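Reminder that position 124 of the sequence shown reads as 124 in our numbering, one-by-one numbering, no gaps. Backbone N, C-alpha and C fix where the C-beta goes; we use that ideal spot for every residue, glycine too. Predicted model only: the values in this text are computed from it and were never measured.
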Amino acid sequence: MEFILLVICISILFLISFLFTLTYQKLIPSNGKLPPGPTPLPVIGNLLHFCKQPDQVHQAMADLAKIYGPVMSLKLGMTNLVVISSPDTAREALQKNDAAMSARWVPDNFHALNHHEVSIGWLSSSSPLWKNLRTIVTTHLMSARCLDMTRTIRKEKNSELMTYFHENAGKSIRLSLPLFGAMLNLISTLLFSEDVLDLGSDSTQDFKELVASIIEEIGKPNVSDFYPFLRQLDLQGRRRITKVYLERLYNYFDGIITRRLTGVKQMKENTGDFLDSLLKLHSDSKLDLRTIKGLLTDLFVAGNETTSITIEWAMAELLRNPSVMLKARAELKEKIGSKQVEETDIPKLPYLHAIIKETMRLYPAGPLMLPHKVTEAGVEIGGFTLPKDARVMINVWAIGRDSTAWSEPDIFMP
């Protein structure tokens, strides 16, 4: 039995090697040159470059970009990846060639529950549904009128966080948990007028792990992504794992939507929140419930993790740089005095702005942007021609540490 399996494996490897040779030759555009990159090995391509630090792919890509330049091609298994690592080439890709790269390349695991079909994060920016969802979010959540109407909610959640810190003064606490919990409650209140948890409770840790796990699944290596013909097998179980995570959130939103629809039927007063706006569109047959759950999932995951991570890194750098902390406190004392800081005070605090921007430069919440896909032939970036159907990743982490833009790119200097 083992011999038969060995023979099958060897046969498959020879077949893959043969296909690799054919496909790689076809990838070189006839009317231009492929971006430079490390020489790929048969079958595995350049995968070995990322084996030492599989959770630090962005750093490995940045190191390779120092050798091969800001537009670099990699062969990952049977697939092609172009990595962009400078501000100028990123601008060229996302602005000049936005139409040719409007499509997303979707990792196999996010085909779970067909989430990619209703996700604003994975839909092509040229698709009608993406445009509709973006309009909905902009109109009912991010417009100046909506931001002004929800100012009281943001103030209330900020006050709850400050109260938690005062109550735990002098104690050793894990800062990430109350920060994450506060952001979770803020977003859940904005979306559907409910707090999800109590700050510092065990459920905070559970929710944080769930959201973090979903985000981690985006960047985890998956053999199904490198060898597409193996997708149906889901050999590493990544799609099955992601399905479990997404089902937990989908079921959670199912309960909230059911309660809200029941309340509407009983003629209870609408809350006027974002969910009410979505359900009004649903009643007008402009949005189905599956799409609503997908949108809530995206907002819940992206909004929470990115903000709490940025605040956590900012606090870490302030503690590591006492002089920066003193300057920030001096600005607060000069511009605000002893009163509680209000949202309207933020424009008066340019140094605080600089601290946040410097934090986002050094520690982007997403070091690699979600991958794009080249949908047209002949797309040129940085003087190189990108193969049609290639994946394109923008290395935000590398761009933020570009030595041509900053004299000391790895130093925190707001």
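Item: Residue 459 - DSSP class collapsed to helix/strand/coil; Value: Given a span of 1 to 414 for the chain in the structure shown, any question on residue 459 remains unanswerable.
Item: Beta-carbon spacing of residue 71, residue 82 below 8 angstroms; Value: yes
Item: Same chain only: Cβ atoms within 8 angstroms of residue 355, ignoring 5 sequence neighbours per side; Value: 314, 317, 318, 324, 328 and 414
Item: Sufficient close CB pairs (3 or more, under 8 angstroms) joining the stretch 357 to 367 to the stretch 156 to 173; Value: no
Item: Sequence-distant residues of the same chain with beta carbon closer than 7 angstroms to residue 409, five excluded per side; Value: 401, 402 and 403
Item: Three-state secondary structure (DSSP) of residue 396; Value: helix
Item: Per DSSP, cross-strand counterpart(s) of residue 368; Value: 395
Item: Assigned exposure category for residue 188 - 16 Cβ within 10 Å defines buried; Value: buried
Item: Cut-off 8 angstroms between Cβ atoms - residues of its own chain near residue 344, not counting five sequence neighbours on either side; Value: none
Item: Under the three-state DSSP convention, the category residue 324 falls into; Value: helix
Item: Inter-residue spacing [alpha-carbon to alpha-carbon] between residue 280 and residue 214; Value: 29 angstroms
Item: Supposed contact pair residue 366 and residue 396 - C-beta distance, whole angstroms, cut 8 angstroms; Value: 7 angstroms
Item: Residue 104, DSSP secondary structure in three states; Value: strand
Item: Exposure label - residue 86; buried when at least 16 CB within 10 Å; Value: buried
Item: Spatial neighbours of residue 418 in its chain, beta-carbon cut-off 6 angstroms, leaving aside the 5 residues before and after; Value: In the structure as shown, the chain starts at 1 and stops at 414, and residue 418 therefore has no counterpart that could be examined.
Item: Inter-residue spacing [alpha-carbon to alpha-carbon] between residue 69 and residue 368; Value: 17 angstroms
Item: Close-in-space but distant-in-sequence residues of the same chain around residue 116 (CB under 7 angstroms, 5 per side omitted); Value: 106, 110 and 122
Item: Buried versus exposed call for residue 407 [16 or more other C-beta atoms within 10 Å across all chains shown]; Value: exposed
Item: Residue 405, buried or exposed, once every other Cβ within 10 Å from all chains shown has been counted against 16; Value: exposed
Item: Short Cβ contact (8 angstroms threshold) for residue 112 with residue 220; Value: no
Item: Alpha helix (DSSP H) segment containing residue 152, residue limits; Value: 151 to 167
Item: Pair within 8 angstroms by beta-carbon distance, residue 250 and residue 210; Value: no
Item: Inter-residue spacing [alpha-carbon to alpha-carbon] between residue 136 and residue 128; Value: 12 angstroms
Item: CB-CB length for residue 217 against residue 238, believed under 8 angstroms; Value: 7 angstroms
Item: Among 144, 257, 178 and 93, the one whose alpha carbon lies nearest that of residue 160; Value: 178
Item: Coil, strand or helix - residue 50 by DSSP; Value: helix
Item: C-alpha distance - residue 348 paired with residue 335, whole-angstrom precision; Value: 7 angstroms
Item: Complete runs of the beta strand (DSSP E) confined to the stretch 177 to 259 [at least 3 residues]; Value: none
Item: Identity of the residues DSSP links to residue 384 by a beta bridge; Value: 381
Item: Three-state secondary structure (DSSP) of residue 21; Value: Because residue 21 sits at a pLDDT of 48, beneath the cut-off of 50, its placement in the model cannot be relied upon, and the point is left open.
Item: Boundaries of the alpha helix (DSSP H) in which residue 131 is found, first to last residue; Value: 128 to 137
Item: Three-state secondary structure (DSSP) of residue 45; Value: strand
Item: Own chain residues within Cβ distance below 8 angstroms of residue 93, not counting five before or after; Value: 84, 101, 372, 381, 392 and 394
Item: For residue 82: DSSP bridge partner residues; Value: 73 and 392
Item: Collapsed DSSP secondary structure at residue 373 in the structure displayed; Value: strand
Item: Sequence-distant residues of its chain with Cβ nearer than 8 angstroms to residue 62 (five each side left out); Value: 85, 395, 397, 398 and 401
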